[in-house]
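Q: In this text, residue positions in the sequence shown follow my numbering: the first is 77, and each later residue adds one.
From the three backbone atoms N, C-alpha and C, an ideal C-beta is built for every residue, glycine too.
What you are looking at is a predicted structure, and each value in this text was computed from that prediction instead of being measured.
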Amino acid sequence: MRRLIFVLGFLLTAIPTKGNTVYIASGGTGAGTSCASAKDPTYFNTSANWTTGTPSGIQIGPGTIVHLCGTLTGAAGTTLLRFQGSGASGSPITLLFEQNAVLTAPYWPSGNGTAPGGGAINLAGQGYLVVDGGSNGVIENSDNGSLCSISPTPSPCFNNAQNSLGISATATHDVTIRNLIIRNIYVHTSTNDGTINMFNDGCIMFPLANNITIDHVTAHDAHWCFQGAANNLTISNSEVYNADHGVAFGVDPNVGVSVGGLDIHGNHFHDFANWDTTNDRYHHDYIHLWDHKTGTALTDGVIYNNTFDGLFGSCCTTANVFLEEAIHNVTVFNNTFIDGGDSLGQYGVWMAGLGLGGQNNSMLNNYFSMGPHVSGSGTPIFAQSNQSGLTVENNIVIGGLADISITGTINVIDYNIYDDLRTDYGDLNAFKWNTSNSTWDFATWKSECHCDTHSVFTTNANIKVNSVGMPQPGSPAIGAGTNLTSMATGALAPLAFDKNGVARPTTGNWDIGAFQQGTAHPISVVQVKNPTYAKNTTMTVSLTETAGNFLVAATGYLANVTASVTDSLGNTWHPLTAQGNSNSGCGTSGATFSGIQLWYAENIRGGANVVTLQLNAQTFLWIGVIEYSGVKTSGSLSASNGSISTTVVSSISTGNLNASGPNNLIVAAFNDTAQHPNAMSAGAGYTYEAGRELTTMLEDRVSAAPGTYNPSASYNNPADNCGAAVGAAFISQ
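1) Quick one: what does DSSP say Asn343 is sitting in, helix, strand or coil?
2) Return the residue from the list Tyr362, His404 and Met546 that minimises the CA-CA distance to Ile311.
3) Taking the alpha-carbon of Asn487 as reference, which of Leu440, Met446 and Asp517 has the nearest alpha-carbon?
4) Is it buried or exposed for Thr638, if we count other Cβ within 10 angstroms and need 16 for buried?
5) I think Tyr119 touches Pro168, with their Cβ atoms under 8 Å apart; what is that distance to the nearest whole Å?
6) Terminal residues of the continuous beta strand (DSSP E) containing Ala572?
7) To the nearest angstrom, how far is the alpha carbon of Ser523 from that of Trp366?
8) Should His526 be labelled buried (16 or more other beta-carbon atoms within 10 Å of its own) or exposed?
9) Cα separation between Gly153 and Gly221?
10) Is it true that the stretch 284-299 meets the stretch 245-257, where meeting means three or more beta-carbon pairs spaced less than 8 Å apart?
11) Can you tell me the Cβ-Cβ gap for Gly187 and Asp277, rounded? I've got them flagged as a contact below 8 Å.
12) Can you tell me where the beta strand (DSSP E) holding Asp643 begins and where it ends?
13) For Cys279, which of helix, strand or coil comes out of DSSP?
14) For the beta strand (DSSP E) containing Thr469, name the first residue and the last one.
15) Helix, strand or coil: how does DSSP classify Gly666 here?
16) In chain order, what residues of the same chain lie with their CB nearer than 6 Å to the CB of Ser727, ignoring the 5 residues before and after it?
17) What residues in its chain sit with their C-beta under 6 Å from that of Gly803, if we drop five residues either side in the sequence?
18) Of the choices Gly799, Thr394, Thr180 and Phe234, whose alpha-carbon is the least far from that of Tyr358?
19) If you follow the beta strand (DSSP E) that Cys301 is part of, which residue opens it and which one closes it?
20) Along the alpha helix (DSSP H) that carries Thr539, what are the first and last residues, could you check?
21) Between Gln422, Pro598, Asn685 and Leu634, which has its C-alpha nearest Val707's C-alpha?
22) On a Cα-Cα basis, can you pick out the residue from Ala101, Asp643 and Tyr704 that is closest to Thr180?
23) Please check the pair Ala590 and Asn437, which I expect to be a contact at CB under 8 Å, by giving their CB distance rounded to whole angstroms.
24) Use the C-beta contact count for Lys115: other C-beta atoms within 10 angstroms, 16 or more gives buried, fewer gives exposed.
25) As a quick exercise: from Asn286, Leu284 and Ile280, pick the residue whose alpha carbon is nearest that of Val300.
26) Buried or exposed, going by whether 16 or more other CB atoms sit within 10 Å of the CB of Gly550?
27) With DSSP as the reference, label Tyr501 as helix, strand or coil.
28) Do you know offhand how far Asp297's Cα is from Ser512's?
29) Evaluate Ser231 with the Cβ neighbour count: other Cβ atoms within 10 Å of its Cβ, from every protein chain shown; 16 or more gives buried, anything less gives exposed.
30) Between the C-alpha atoms of Thr515 and Ile472, what's the straight-line distance to the nearest angstrom?
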């Protein structure tokens with residue numbers, strides 16, 4: 077509550093400075109007043125062009141928005157943009173990527189430890205800053221990764237193998253980094269590649285920082301992606317893949333100060349297997365927290381509503397979440413841990429107290445499915461040594477070779493569901509308590525730990541959850557958990573809701589696991605935009621939208637083109653796989669191609685907006701846009717599929733979509749070049765929302781129950797073989 081009061085006071089007392097704008101482009105020689113008349117990056121890097129007071133003209137100071145235009149190319153190993161000053165409370169300096177802006181170099185310089193330095197962008201220890209990627213801003217390396225000299229030659233291979241860094245936020249304060257794509261910092265493509273060391277590289281570094289927010293960042297192909305130690309660090313609504321560490325957060329033993337206020341939520345960490353090596357050089361962790369310094373600790377953190385899945389690695393793995401040594405009062409809740417089937421030695425949450433000891437950490441309402449149930453596979457909940465005050469409640473635990481292993485003292489372990497690994501897979505060590513021998517027997521475990529009085533031990537089939545861990549009818553998870561409402565205050569307030577945002581009951585039992593059965597937020601259509609087909613390279617749709625809602629766009633075209641969707645509010649648009657039918661025997665007016673694609677934007681910004689479809693070549697095109705309320709604000713995609721028709725048919729379907737529960741939004745789009753008027757009808761149970769001749773259709777429905785759905789469209793005129801279809805399922809709040 078004190079933090080809330082502080083923030084409100086901050087908002088009421090901060091006096092914003094009126095902002096001005098500056099435009100930067102590679103080789104710019106203009107006045108800095110537009111992308112067409114931009115300044116070169118050297119203007120940004122010159123301190124004489126900055127002010128600590130109110131900026132005028134194209135000075136850079138509190139309140140200034142600096143626009144980045146086009147492709148900005150840096151020299152290998154050189155920082156492109158270095159901040160020369162700070163913003164002010166209520167008037168940050170914003171570095172804003174214009175549409176399609178890219179910062180690229182063969183490789184960027186590495187970080188500088190606990191001193192500011194390195195990166196494509198160096199925030200230089202300043203404060204009150206925003207780095208905003210806009211609709212699709214990119215920071216990338218163009219030639220850095222596993223060397224071509226490695227034997228056998230990797231594919232792809234590269235000419236440089238350097239420690240490289242996207243953004244240096246070392247020793248900064250009050251910084252927000254959002255809406256960015258950070259990619260190809262180091263592309264690791266060989267198990268014989270152990271080149272990169274453990275530090276000073278990756279996507280964003282933030283040692284010795286305070287009040288840092290990383291939001292809606294998509295990062296891939298880097299060694300350690302988000303790394304450092306910062307007070308009040310938030311990493312939210314982001315995606316990390318093809319990395320060795322997603323979050324590497326450790327207290328520097330040379331500095332020796334405690335840090336707290338960590339908040340990691342709503343993220344998707346997946347597929348780190350490409351960092352496997354034959355010599356066990358790297359140990360993968362989706363999240364790794366540590367403190368090795370006597371007298372200090374990492375305290376008061378929350379890790380919730382995250383998805384951990386994909387191919388983690390067949391060697392060189394540690395844990396999805398690794399809490400090492402002096403980690404105190406960290407609560408892990410409402411997460412799903414789902415092994416992709418390849419991982420050996422992988423743990424769900426590994427707490428290694430070691431010499432300094434972990435204290436009062438909690439695992440609440442998580443779902444673990446840690447396969448693959450062969451020799452060497454891991455344990456969902458593993459307290460290795462020197463843990464005290466551990467709480468483990470309301471978890472669904474399906475282990476690899478074990479379900480839970482505890483060394484230390486506990487506060488409470490109860491109201492969990494454990495898989496009977498012996499019956500299901502022949503494993504003999506489901507449980508391990510301190511110095512006792514491992515056992516498969518649940519009664520023995522309960523007598524040893526004096527815990528799990530209300531817990532359930534049963535086979536996987538009887539647990540009855542779907543592929544993402546949501547309880548199905550008859551599951552023992554429903555109504556069998558303890559009510560933790562009293563804990564859901566302060567940083568733990570989100571515990572009162574499940575992973576999908578469904579409120580848990582304030583009285584009575586909760587469901588066990590990350591999902592609560594009950595009435596989800598109803599999904600409803602807010603508005604539909606359905607413009608007329610045109611022959612062009614671009615098409616726009618204007619709408620006034622509500623913050624927090626959800627947008628779906630269907631794009632159709634009659635040529636094999638490359639498409640992008642962006643909007644003027646800077647929402648992040650996620651493309652789903654396009655379907656194209658190039659059957660030369662279909663179509664009219666010379667058209668021999670039917671293309672269709674779905675796009676979606678979560679947790680949208682409110683206000684007037686212009687959505688733009690841009691193609692790389694002229695053709696007939698169309699975009700239909702629907703705004704929905706009630707869809708989950710992050711990680712909403714449950715399934716997607718698509719198809720084309722290669723024989724003459726009277727209907728076409730997308731292929732199967734798996735709805736993870738009731739109240740999923742099912743959306744499908746269809747395109748056909750046949751140009752029949754009123755050519756398509758929606759499938760049974762679906763609503764026709766938008767469509768145009770030449771011929772497109774966008775339909776939807778809300779799932780009544782979890783299960784398989786196959787959206788379809790039927791032709792009202794002669795059957796043909798020209799169609800293409802795409803569909804997707806999205807989860808409600």
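A: Looking at the coordinates:
1) For Asn343, the three-state secondary structure derived from DSSP is coil.
2) When only C-alpha atoms are compared, the closest one is Tyr362.
3) When only C-alpha atoms are compared, the closest one is Leu440.
4) With fewer than 16 Cβ atoms within 10 Å of its Cβ, Thr638 is classed as exposed.
5) Wrong, their Cβ atoms sit about 19 Å apart, outside the cutoff.
6) Taken as a continuous stretch (DSSP letters only), Ala572 belongs to no beta strand (DSSP E), as it is neither H nor E.
7) Inter-residue distance for Ser523 and Trp366 is about 32 Å (C-alpha atoms, whole angstroms).
8) His526 sits exposed, since fewer than 16 C-beta atoms from the chains shown fall within 10 Å of its C-beta.
9) Each residue's Cα considered, the two are about 14 Å apart.
10) The answer is yes - the stretch 245-257 touches the stretch 284-299, with three or more Cβ pairs under 8 Å.
11) Contact between Gly187 and Asp277 holds: CB atoms are separated by about 7 Å, below the 8 Å threshold.
12) Counting along the chain, the beta strand (DSSP E) containing Asp643 begins and ends at Ala639 to Asp643.
13) Looking at Cys279 - three-state DSSP - the assignment turns out to be strand.
14) In the sequence on display, residue 469 carries Glu and not Thr. For Glu469, the uninterrupted beta strand (DSSP E) run begins and ends at Ile457 to Glu469, by DSSP.
15) Any answer about Gly666 is weak, because its pLDDT of 45 lies below 50 and its placement is not dependable; what the coordinates show is given next. Coil.
16) Excluding residues within five positions, the ones whose Cβ falls inside 6 Å are Ser788 and Ser790.
17) These residues qualify, in order along the chain: Asn717, Thr730, Leu733, Ala744 and Pro787.
18) Checking every option, the nearest Cα to that of Tyr358 belongs to Thr394.
19) Where Cys301 is concerned, the enclosing beta strand (DSSP E) stretches over Thr294 to Gly304.
20) The displayed chain sequence assigns Ile, not Thr, to residue 539. Bounds of the alpha helix (DSSP H) holding Ile539 are Asn536 to Ile539.
21) Nearest C-alpha to Val707: Pro598.
22) Per the C-alpha coordinates, the member of Ala101, Asp643 and Tyr704 positioned closest to Thr180 is Ala101.
23) About 18 Å separates the beta carbons of Ala590 and Asn437, which is beyond the 8 Å limit, so they are not a contact pair.
24) Here Lys115 is buried. Its C-beta has 16 or more other C-beta atoms within 10 Å.
25) Reading off the sequence shown, one finds Trp at residue 300, where the question assumed Val. Proximity to Trp300 across Asn286, Leu284 and Ile280 peaks at Ile280, based on C-alpha coordinates.
26) Residue burial annotation: Gly550 is exposed, with fewer than 16 other C-beta atoms found within 10 angstroms of its C-beta.
27) Here Tyr501 sits in helix by DSSP.
28) Spanning the two alpha carbons is a distance of roughly 42 Å.
29) Burial check for Ser231: the Cβ neighbour count within 10 Å stays below 16, so the residue is exposed.
30) About 19 Å.
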